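Numbering (full-length UniProt numbering), first residue to last: 1 to 706.
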């Protein structure tokens, strides 16, 4: 039988084995061969258990001393605890499943006295080191005999029912039968790859030495960088095609009058950003620019002034927000900033004002129909909305500028869709309050020009941040007393929980609100609750009560993470703070201290100070610099978990490239991609590269994941 990369596994292997691979998302020969080892081990190079450190990826060799499977007391899952020793110390192996019977395969193989290699990440549970769901190869496995002391042993991600040696055997079989030509080279020969694409794949699965692994990984890393940069540069070229609307600021126009009416002076960073935007919006090609800035750096004002450019040139401007709460907040704050310039009755030559509309999915039908009609007529206006702006019924025929707030909440397709209903190629401005390191911006936002606002407005006071141990009852009692004091002096208090309902002993909105209502320190305080699953009208009412002070303490999920602007908010309490990433913690902290009063943030945690979570929170408390925290946050994540996408080595499209560390590789790949596309814009001379990019961009998950 002829086997190619597209051959289904059920034509090669028995149904039982195929089902095991399907659990990993592997259905074809090509997908199996691109399921690469995540590490390698040698029989002669092992780490003593006595020297293991939490957080490290290790492979140990040891003997099983005990194995006990049990159903958890909650009944929701079963646990298999295995103890392994190497004579110097011991470590636990932990496996989870829904039922005990699902763990029987592991329990049968990991009987007392069994010896072998165990690979995984060292974690700590109740003071004991453990490997959770480790990969392992036992000494009695036939596949282990094929490796000598110096040959790297591939270690794969597996499942409860799929053993590492089964993957090795399946990969060997496919490598021996598949047609190498079904894996065409993606790196042009003039760039001098060490191996063909198929040879590199083969050496990653069956290496003769560590040097072969190193060279093959190096080539695959560059291949991923070249593929990504070629795709981004093609998208960049595509986004700049067509004639863009001329939105040059007019002397004495709306933009100038709006800027002069502001009750504050723009920072140097804002002025610099606007100069770049003005130049782009006056050019004949569409602008595609990312403006990134720390929390409170004034990106909203920059976006509003850019939208004024569009409206004063008789075009429309749209601001796309990720949530209804944020859209409504933006709408309210823009109306406030615009003042009389935002009143509908001043529209036209006489008044020279600008109408501003809100469009969300939960709006009443009559009001929505009115807004849609005015937009479809081509009326120069600002419209603020959510995903509702992307629906087929929305027509923005004279869209001059689209502003997308919090880019990481929207996909590449959605970003392009907002341009679809326009008669011209509108300018695109993307904003984010999640600071992005340069190499990451080059990869993730490679199709955009990047502007960074680092300067904060004068008078903005830093937020004092403290880590509070949840088990210290005296500290917790004082925390809620302080919350009461903040409210008594006219402040507002956010209390943010990681869950809506009680779950795995995490603080939840429901239980926390109930507990605080019974807390004597808050006896005279009205407490409100907010989460994303509430009806829009109810969310609006809750936020209104919080802003007005009728309910000055708000228990919420992270729905308040971005954009919510309440100047009276002076205290942020983050419960189970260790469950949030550093960038998310920083965003939440940015919800307080937006007025004239000093503010504080209390990160409550059960994590031990010396644990990784404890160290992360200590770093959070030590600085309010979002750029420093973003670098640290991304370094603490796996390379497949960039920008919060819950990736592992099993699902990320980038299996080799680390967008944080591989600066030189990315820079070289971008230069090479630019040269290739300059001489061959449609990649007609590089069909394999073109086809791979096309396939990955068609499902649009490639760039989303990365």
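Ideal Cβ placement from N, Cα and C applies to all residues, glycine included. Computed from a predicted model, the values in this text were never measured in an experiment.
Could you check whether residue j and residue i sit closer than 8 Å to each other, using their CB atoms as the reference points?
i	j	result
residue 386	residue 323	yes
residue 292	residue 452	yes
residue 19	residue 159	no
residue 38	residue 156	yes
residue 254	residue 311	yes
residue 468	residue 555	no
residue 230	residue 673	yes
residue 93	residue 118	yes
residue 138	residue 123	no
residue 381	residue 397	no
residue 126	residue 656	no
Could you check how far apart the C-beta atoms of residue i and residue j are, in whole angstroms? I think they sit under 8 Å.
i	j	result
residue 568	residue 490	7 Å
residue 384	residue 174	Actually they do not touch by this definition, with Cβ atoms about 53 Å apart.
residue 178	residue 5	7 Å
residue 131	residue 91	6 Å
residue 305	residue 275	11 Å between Cβ atoms; not a contact.
residue 59	residue 85	Going by Cβ atoms, the distance from residue 59 to residue 85 rounds to 15 Å, so no, they are not a contact pair.
residue 571	residue 493	4 Å
residue 289	residue 301	With 8 Å as the limit, residue 289 and residue 301 do not qualify as a contact, their Cβ atoms being about 16 Å apart.
residue 360	residue 388	5 Å
residue 201	residue 33	5 Å
Rounded to whole angstroms, what's the CA-CA distance from residue i to residue j? Just pull it up for me.
i	j	result
residue 540	residue 550	14 Å
residue 234	residue 35	28 Å
residue 99	residue 286	56 Å
residue 573	residue 605	11 Å
residue 282	residue 450	18 Å
residue 108	residue 203	33 Å
residue 225	residue 26	23 Å
residue 688	residue 227	11 Å
residue 16	residue 169	15 Å
residue 31	residue 183	11 Å
residue 251	residue 257	9 Å
residue 483	residue 528	14 Å
residue 270	residue 565	19 Å
residue 587	residue 303	19 Å
residue 500	residue 515	14 Å
residue 460	residue 599	11 Å
residue 76	residue 508	19 Å
residue 684	residue 395	36 Å
residue 642	residue 629	For residue 642, the predicted model reports a pLDDT of 34, less than 50, meaning its position is unreliable and no value from the coordinates is stated.
residue 347	residue 526	Low local confidence applies: a pLDDT of 41 at residue 347 is under 50, so the model's placement there is unreliable, with the coordinate-based value given in what follows. Residue 347 and residue 526: Cα-Cα distance of roughly 42 Å.
residue 82	residue 153	23 Å
residue 455	residue 267	7 Å
residue 639	residue 660	Any reading at residue 639 needs caution, since the residue's pLDDT is 40, under 50, leaving its predicted position unreliable; the model's value is listed next. Cα-Cα distance, rounded: 8 Å.
residue 488	residue 296	26 Å
residue 265	residue 367	36 Å
residue 327	residue 335	12 Å
residue 354	residue 284	25 Å
residue 447	residue 670	11 Å
residue 403	residue 261	22 Å
If you run the structure through DSSP and keep just helix, strand and coil, what is residue i?
i	result
residue 487	helix
residue 675	helix
residue 357	strand
residue 47	coil
residue 57	strand
residue 431	strand
residue 641	With a pLDDT of 35 at residue 641, under the threshold of 50, the modelled position of this residue cannot be trusted; read the value that follows with caution. Reduced to three states, the DSSP call for residue 641 is helix.
residue 182	helix
residue 42	strand
residue 265	coil
residue 529	strand
residue 136	strand
residue 203	helix
residue 314	coil
residue 160	coil
residue 372	helix
residue 694	helix
residue 68	strand
residue 81	strand
Would you say residue i faces chain D, with C-beta separation under 8 Å as the test?
i	result
residue 35	Going by chain labels, chain D is absent from the structure shown, which holds only one protein chain.
Check your understanding: Are there three or more Cβ pairs, one per stretch, closer than 8 Å when the segment 515–535 is compared with the segment 587–605?
Key -> Taking 8 Å as the limit for Cβ pairs, the verdict is that the segment 587–605 does not touch the segment 515–535.
Check your understanding: Between the segment 573–591 and the segment 619–631, do at least 3 Cβ pairs fall closer than 8 Å?
Key -> yes
Exercise for review: Determine contact between the segment 308–318 and the segment 466–482, defined as no fewer than three beta-carbon pairs at a distance below 8 Å.
Suggested key: no
Point to revise | At least 3 beta-carbon pairs within less than 8 Å: the segment 236–245 vs the segment 205–212 | key: no
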